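Chemist: The structure that follows is given in the form of structure tokens.
Residue numbers (our numbering): 22 to 467.
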């Protein structure tokens with residue numbers, strides 16, 4: 022982990038997840054001609070992030086001398102290349118002026134200046150491909166050189182990462198983020214899977230698991246019965262739509278020596294993190310505390326889908342700050358306001374008989390269709406709540422909203438938040454257990 026600049030907010034980094042053109046060109050059509058047009062037409066949607074493993078001494082010295090430019094660290098990194106480019110440009114301008122003279126000596130000087138400017142440009146261009154050398158690292162920070170490298174399909178390969186990293190949408194390869202957590206051998210992973218998958222085929226998850234196995238980061242198994250193939254577990258999750266989460270086991274490493282060296286079961290590692298005290302099937306004399314990397318992990322997947330028992334739920338009012346912070350449902354808020362005001366004019370009746378405040382009622386929410394209250398599963402449309410009324414309520418229905426719909430209505434957004442909160446409740450409760458997280462058979466595996 023590295024410290025990010027003050028101006029690098031989480032919102033700006035999250036916006037890079039929408040770099041769809043980069044994902045297709047760099048991931049699926051990684052050819053020279055496609056990259057050329059991507060750069061020539063300026064269709065790149067990713068961004069370069071400053072990845073300072075350690076502060077450059079020259080940059081730190083300049084920032085101390087110029088506190089007003091402390092936040093503009095890019096300027097200090099780009100200054101050497103800008104100075105070289107500026108020198109070549111000045112020499113070129115001077116050579117052009119001298120070439121207009123009739124004197125022979127000035128023509129000779131003009132030719133030398135032209136050659137010098139061309140040499141400077143060529144030297145800078147050639148040295149830019151050696152950015153992995155510490156004292157040539159500033160070439161990586163030039164926007165023009167970065168675009169040339171990107172168009173030429175140049176990849177920085179070294180034992181240490183560069184100080185500038187291009188970040189784009191990784192949806193073509195892994196849109197889950199599980200691979201990064203597997204690299205760190207995390208013991209417990211919670212995945213909120215919101216890929217466009219109305220049929221619950223789990224294509225994104227299956228692709229991530231294939232990449233993990235191909236990269237030899239680990240393998241996957243069914244915690245209940247490891248004899249079964251993990252694909253059966255995914256198929257059962259597809260068939261059982263009432264299941265709110267999917268529990269998959271992870272066996273880190275690839276060969277037996279890697280499993281056994283310096284690390285043992287995740288039960289020992291999790292027990293050390295939780296302070297110990299869990300029950301194990303092995304005798305107390307044989308139990309040990311392991312400080313090595315995790316041997317096993319557990320992946321809990323919460324997918325964006327609507328269980329059959331929730332399809333008839335009527336549309337609920339928008340989320341409120343009090344409901345999010347306090348944890349009380351909108352029905353409880355309505356009962357509290359009803360009791361505090363003590364009047365029937367301050368509330369209306371819900372279809373199920375529950376009372377809710379008038380300003381939160383479905384009438385004030387403006388969502389009615391044919392005299393009947395809308396169900397949450399009937400939501401479609403975009404932009405504003407009035408789109409849900411009548412013929413404007415078109416398109417894929419809740420919760421499988423199309424990715425092209427970038428303008429969610431308040432009703433859709435609020436309903437998606439409520440669905441995510443309810444679906445993830447069981448998985449989070451299981452994930453936050455302080456006692457042993459594994460099945461009994463896992464604790465007996467050496």
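Here a beta-carbon is modelled for each residue, glycine too, at the ideal position from N, C-alpha and C.
This one's a predicted model, so the numbers in the text were calculated from it and none came from an experiment.
Give me the Cα-Cα distance between residue 343 and residue 168, rounded to the nearest whole angstrom.
Modeler: Their Cα atoms are separated by approximately 48 angstroms.
Chemist: Rounded to whole angstroms, what is the Cα-Cα separation between residue 135 and residue 109?
Modeler: Between residue 135 and residue 109, the C-alpha separation is close to 9 angstroms.
Chemist: Quick one: what does DSSP say residue 394 is sitting in, helix, strand or coil?
Modeler: Here residue 394 sits in strand by DSSP.
Chemist: Quick check: what's the CA-CA separation for residue 103 versus residue 112?
Modeler: Between residue 103 and residue 112, the C-alpha separation is close to 14 angstroms.
Chemist: Could you check the C-alpha separation between residue 253 and residue 460 for me, to the nearest Å?
Modeler: The alpha-carbon atoms of residue 253 and residue 460 are separated by roughly 19 angstroms.
Chemist: Quick check on residue 242: does DSSP put it in helix, strand or coil?
Modeler: Note: residue 242 maps to strand in three-state DSSP.
Chemist: Along the chain, where does the beta strand (DSSP E) containing residue 272 start, and where does it finish?
Modeler: Residue 272 -> beta strand (DSSP E) spans 267-273.
Chemist: Rounded to whole angstroms, what's the CA-CA distance from residue 105 to residue 347? Just pull it up for me.
Modeler: Between residue 105 and residue 347, the C-alpha separation is close to 59 angstroms.
Chemist: Which value, in whole angstroms, describes the spacing of the CA atoms of residue 131 and residue 182?
Modeler: About 42 angstroms.
Chemist: So what does DSSP say about residue 447, is it helix, strand or coil?
Modeler: Helix, per DSSP.
Chemist: Go ahead and pull the three-state DSSP assignment for residue 318.
Modeler: The answer is strand: DSSP assigns residue 318 an E or B state.
Chemist: Using DSSP with H/G/I as helix, E/B as strand and the rest coil, what is residue 460?
Modeler: Residue 460 falls in the coil class under three-state DSSP.
Chemist: Does the CB of residue 145 have a neighbour CB from chain C at under 9 angstroms?
Modeler: Included in the structure is just one protein chain, with no chain C present.
Chemist: Would you call the CB atoms of residue 222 and residue 421 closer than 9 angstroms?
Modeler: Not a contact, by the Cβ cut-off of 9 angstroms.
Chemist: Would you mind listing the beta strand (DSSP E) stretches within the segment 198-233 that are 3+ residues and don't spill past its ends, in chain order?
Modeler: Counting whole runs of 3 or more residues, the segment 198-233 contains the beta strand (DSSP E) stretches 209-214.
Chemist: Along the alpha helix (DSSP H) that carries residue 169, what are the first and last residues, could you check?
Modeler: From DSSP, the alpha helix (DSSP H) with residue 169 extends over 164-172.
Chemist: Residue 148 and residue 157 - do their beta-carbons sit closer together than 9 angstroms?
Modeler: Yes, the pair counts as a contact, with Cβ atoms nearer than the cut-off.
Chemist: Looking only at DSSP bridge pairs, what is residue 71 linked to?
Modeler: Answer is 185.
Chemist: Whose C-alpha, out of 174, 142, 163, is nearest the C-alpha of residue 51?
Modeler: Ranking 174, 142, 163 by Cα distance to residue 51 puts 174 first.
Chemist: Have a look at residue 301 and residue 464 and give me their C-alpha separation to the nearest angstrom.
Modeler: The pLDDT assigned to residue 301 is 30, lower than 50, so where the model puts this residue is not dependable, and the model offers no usable value.
Chemist: Are three or more beta carbon pairs between the segment 416-433 and the segment 223-243 nearer than 8 angstroms?
Modeler: Judged by Cβ distances under 8 angstroms, the segment 416-433 makes no contact with the segment 223-243, as fewer than three pairs qualify.
Chemist: Quick one: residues in its chain with C-beta nearer than 7 angstroms to the C-beta of residue 125, no 5 flanking neighbours on either side, listed in chain order?
Modeler: So the list is empty, once near-sequence residues are dropped.
Chemist: Taking its Cβ as the centre, do 16 or more other Cβ atoms sit within 10 Å of residue 245, making it buried, or is it exposed?
Modeler: Per the 10 Å Cβ criterion, exposed.
Chemist: Quick check: does the Cβ of residue 54 come within less than 8 angstroms of any heavy atom belonging to the ligand ATP?
Modeler: What this structure holds is no ligand at all, so the ligand ATP is not there to describe.
Chemist: Excluding the 5 residues flanking residue 448 on each side, which residues of the same chain have their C-beta closer than 6 angstroms to its C-beta?
Modeler: Cβ within range, chain order: 266, 321, 323.
Chemist: Would you call the segment 427-438 and the segment 203-213 in contact, with 3 or more CB pairs under 8 angstroms?
Modeler: No, the segment 427-438 is not in contact with the segment 203-213.
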